[in-house]
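Enquirer:
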Amino acid sequence: MQNAIYNAYFGFVENPFNISPDPEFLYRSPQHEEALANLIYGVRSRKGFIVLTGEVGTGKTTMLECLRDYLDSQRTEFAFIFNSRLTPDQFFEMMAFDFELQCDRKSKTDVLFALNALLIQQAERGRTCVLIVDEAHNLEWEVLEEIRLLGNLENRQGKLLQIILAGQPELDRKLDAPDLRQLKQRIVLRCTLNPLTPDESAAYIETRLARAGMTKQTVFGPEVLEEIYKRSRGIPRLINLLCDNLLVTAFAMEQRTTTIEMLNEVCQDLRLEWPGSNRDRRGRSSRYGMEEPYPQTPLSLRGD
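Using our numbering, the letters of the sequence shown map in sequence onto residues 2 to 305.
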């Protein structure tokens, strides 16, 4: 309700800084364009295994939503696994449900037979199938091994099942483990999303405002944009969070522009840390041993 009110106040047709992964609000920075192009190329070329990694909030799920829109437009069969804390049996059941396989979904054998039949059917029509696993850094070793074995489904033209694993940087470290070397060797494309640069951060904010109806933004001045980048460290999700709260604050104060003072208040309310902030300095003091009180009396120097 509050967002709807400030949307009308600023003339937005919708909330510009919703944190949900809406492809309509995708900011097409060079790295995001490259990542999406690689995902689509990997699927179309039947490359098999593709890995997408990035820090929390850098836009991985939005990339996957864009890919899903593309797959829908191409009438490509795909399954999307969004909860990665699964046992092997649960993984096969979820995959069967998303592919709408007509089989006993609690039987791994039945699922594999039905999946193979679907893949062959689609291949005969000149199409492929795609398995997308989000939050893949949480996958247990047994599930990753099952996923690797699914990569064996192929014909002379290429892989019958394209598998996309998306996750935080821990996924890369997990795939470097000796036990997963066979899976690592099968990965043919890797995409990485990094935080935005200062210029990209400002362009990201302006793009979302324009998409929401403000073609020429005047809400965030240059100093505020610079501080938003500094405090968010260029992470899109944090940028959304800061901007959304800044708009609420400006609306509550009946202001049309935001200020550093407003940003300070928002950061304090959100308990946000950033390099150089008071919280960051206190945290570093604690980490480097400042929690130990200094002795109240001089130390004895006997024996020196």
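Idealized CB from N, CA, C, for every residue including glycine.
1. Quickly, what does DSSP pair C130 with across the bridge? List them, please.
2. Which residue wins for smallest C-alpha separation from G58, given the options L120, T193, E207?
3. Which residues in the same chain as M263 place their Cβ atom closer than 7 Å to its Cβ, once the five residues preceding and following it in sequence are excluded?
4. Can you tell which of E78, L184, L120, E155 has the C-alpha that lies nearest to the C-alpha of F143?
5. Counting only runs that start and end within the stretch 27 to 114, where is the beta strand (DSSP E) found for 3 or more residues in a row?
6. Short check: CB of F26 to CB of R212, under 7 Å?
7. Going by DSSP, name the residue or residues bridged to R191.
8. Following the continuous alpha helix (DSSP H) through Q269, name the residue where it begins and the one where it ends.
9. Look up A178 in the DSSP assignment and say whether it is helix, strand or coil.
10. Helix, strand or coil, according to DSSP, for E155 in the structure here?
11. In terms of alpha-carbon separation, which member of N39, N8, I6, G12 lies closest to R191?
12. Taking a contact to mean a Cβ-Cβ separation below 7 Å, would you say L53 touches A167 in this structure?
13. Does the stretch 165 to 181 come into contact with the stretch 138 to 157, if we say contact requires no fewer than three beta-carbon pairs (one atom in each stretch) closer than 8 Å?
14. Alpha carbons only, please: which of K175, R272, I164 is nearest the one belonging to V44?
15. Given a threshold of 16 other Cβ atoms within 10 Å of its Cβ, counted over all protein chains shown, does K175 qualify as buried or as exposed?
16. Going by other Cβ atoms of all chains shown within 10 Å of its Cβ, with 16 needed for buried, is G127 buried or exposed?
17. On a Cα-Cα basis, can you pick out the residue from D105, T88, T129 that is closest to E155?
18. Report the CB separation of C104 from F92 in whole angstroms; it is logged as a contact under 8 Å.
19. Starting from the Cα of N195, find the closest Cα among L181, V189, I188, G235 and give me that residue.
Expert: Based on what the coordinates show:
1. Here residue 130 is taken as the residue at index 129 of the sequence shown, counted from 1. Note: C130 sits in a beta bridge opposite E78, L162.
2. Reading the sequence shown from its first residue, position 57 is the one you call residue 58. Answer by Cα proximity: T193.
3. The sequence position of residue 263 within the sequence shown is 262, counting from 1. Excluding residues within five positions, the ones whose Cβ falls inside 7 Å are L247, T250, A251.
4. Here residue 143 refers to the residue found at position 142 when the sequence shown is read from its first residue. Position check: residue 143 holds Glu in this sequence, whereas Phe was assumed. When the alpha-carbon of E143 is set against those of E78, L184, L120, E155, the nearest one is in L184.
5. Listed in chain order, they are 50 to 55, 78 to 82.
6. In the sequence shown, counting from the first residue as 1, residue 26 sits at position 25. In the sequence shown, counting from the first residue as 1, residue 212 sits at position 211. Yes.
7. By 1-based counting over the sequence shown, the position of residue 191 is 190. Per DSSP, V52.
8. As a position in the sequence shown, residue 269 is number 268, starting the count at 1. In the DSSP annotation of this structure, the continuous segment of the alpha helix (DSSP H) that includes Q269 starts and ends at 261 to 271.
9. Indexing the sequence shown from 1 puts residue 178 at position 177. Of the three classes helix, strand and coil, the one that applies to A178 here is coil, per DSSP.
10. On the sequence shown, residue 155 is found 154 positions in, with the first residue counted as 1. If DSSP states are grouped into helix, strand and coil, E155 belongs with the strands.
11. Taking the first residue of the sequence shown as 1, we reach residue 191 at position 190. Ranking N39, N8, I6, G12 by Cα distance to R191 puts N39 first.
12. What you label residue 53 is simply residue 52 of the sequence shown in a count that begins at 1. What you label residue 167 is simply residue 166 of the sequence shown in a count that begins at 1. Yes, Cβ-Cβ distance for L53 and A167 is below 7 Å.
13. Judged by Cβ distances under 8 Å, the stretch 165 to 181 makes contact with the stretch 138 to 157, as three or more pairs qualify.
14. Position 43 of the sequence shown, counted from the first residue, corresponds to residue 44. Nearest of K175, R272, I164 to V44, Cα basis: I164.
15. By 1-based counting over the sequence shown, the position of residue 175 is 174. Buried, by the Cβ-count rule.
16. As a first step, residue 127 must be located in the sequence shown, where it is residue number 126. Exposed.
17. On the sequence shown, residue 155 is found 154 positions in, with the first residue counted as 1. In terms of Cα proximity to E155, the closest of D105, T88, T129 is T129.
18. Along the sequence shown, read from residue 1 onward, the residue named residue 104 stands at position 103. Along the sequence shown, read from residue 1 onward, the residue named residue 92 stands at position 91. With 8 Å as the limit, C104 and F92 do not qualify as a contact, their Cβ atoms being about 15 Å apart.
19. Indexing the sequence shown from 1 puts residue 195 at position 194. With distances taken between Cα atoms, N195 lies closest to G235.
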